[in-house]
């Protein structure tokens with residue numbers, strides 16, 4: 043059996059990267075996601091997590107990911123459907139499953155799998171934590187407060203999941219898609 047070599051390259055956008063990570067970023071490349079700094083047909087797999095909501099023209103970003111994927115390459119994409127504003131003012135969209143499907147199919151991707159991130163109960167719990175935790179936390183020491191609230195919310199979600207959860211109301215979606223092959227086109231190496 044032969045071993046296959048794997049390499050990982052991270053990219054980030056300097057405008058939001060500094061606000062999110064400061065000096066601790068591990069990105070190898072810094073670029074606008076609408077113009078990735080790689081030749082066509084470079085990668086076997088692209089993983090893009092929680093990026094699409096931060097770009098003004100997501101259809102261009104999806105096409106750019108398709109450009110740098112090898113034929114039959116895999117895109118693993120996650121995007122939020124329900125989430126508070128963040129990294130303002132660079133927070134533009136929220137995505138339904140149908141919106142993500144449309145973007146991917148228009149860029150010649152075949153959908154392989156679709157997974158909701160959470161359900162109605164976890165979404166309501168997350169919204170509660172995001173909107174109310176700061177108010178309650180001012181009244182209790184932080185560690186005690188965080189532990190108590192997390193325990194209570196986790197327990198409530200466990201009990202609520204005994205009732206039929208609704209996955210159509212979720213925090214977001216993870217989609218695996220395959221780039222539809224362009225036969226006879228050579229791949230690039232970086």
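Residue numbers (this note's numbering): 43 to 232.
Ideal Cβ positions, reconstructed from N, Cα and C, are used throughout, including at glycine.
Three-state class that DSSP yields for residue i in the structure shown
{"i": "residue 172", "result": "helix"}
{"i": "residue 141", "result": "helix"}
{"i": "residue 113", "result": "strand"}
{"i": "residue 127", "result": "coil"}
{"i": "residue 94", "result": "helix"}
{"i": "residue 148", "result": "helix"}
{"i": "residue 190", "result": "helix"}
Identity of the residues DSSP links to residue i by a beta bridge
{"i": "residue 118", "result": "89, 218"}
{"i": "residue 102", "result": "Beta-bridge pairing links residue 102 to no other residue."}
{"i": "residue 53", "result": "71"}
{"i": "residue 158", "result": "215"}
Neighbour flag for residue i against chain B, beta carbons, 7 Å
{"i": "residue 81", "result": "The structure shown contains no chain B; it holds only a single protein chain."}
Alpha-carbon spacing of residue i relative to residue j, whole angstroms
{"i": "residue 201", "j": "residue 159", "result": "18 Å"}
{"i": "residue 191", "j": "residue 139", "result": "31 Å"}
{"i": "residue 90", "j": "residue 72", "result": "15 Å"}
{"i": "residue 108", "j": "residue 131", "result": "27 Å"}
{"i": "residue 196", "j": "residue 215", "result": "21 Å"}
{"i": "residue 212", "j": "residue 162", "result": "6 Å"}
{"i": "residue 119", "j": "residue 217", "result": "5 Å"}
{"i": "residue 50", "j": "residue 70", "result": "9 Å"}
{"i": "residue 100", "j": "residue 94", "result": "6 Å"}
{"i": "residue 187", "j": "residue 174", "result": "12 Å"}
{"i": "residue 52", "j": "residue 203", "result": "36 Å"}
{"i": "residue 46", "j": "residue 117", "result": "19 Å"}
{"i": "residue 85", "j": "residue 103", "result": "15 Å"}
{"i": "residue 236", "j": "residue 153", "result": "Here the chain has residues from 43 to 232 only, and residue 236 is not among them."}
{"i": "residue 150", "j": "residue 194", "result": "45 Å"}
{"i": "residue 97", "j": "residue 55", "result": "10 Å"}
Sufficient close CB pairs (3 or more, under 8 Å) joining the stretch 123-141 to the stretch 68-82: no
Segment contact, 8 Å Cβ cut-off, at least three pairs: the stretch 97-117 with the stretch 209-224: yes
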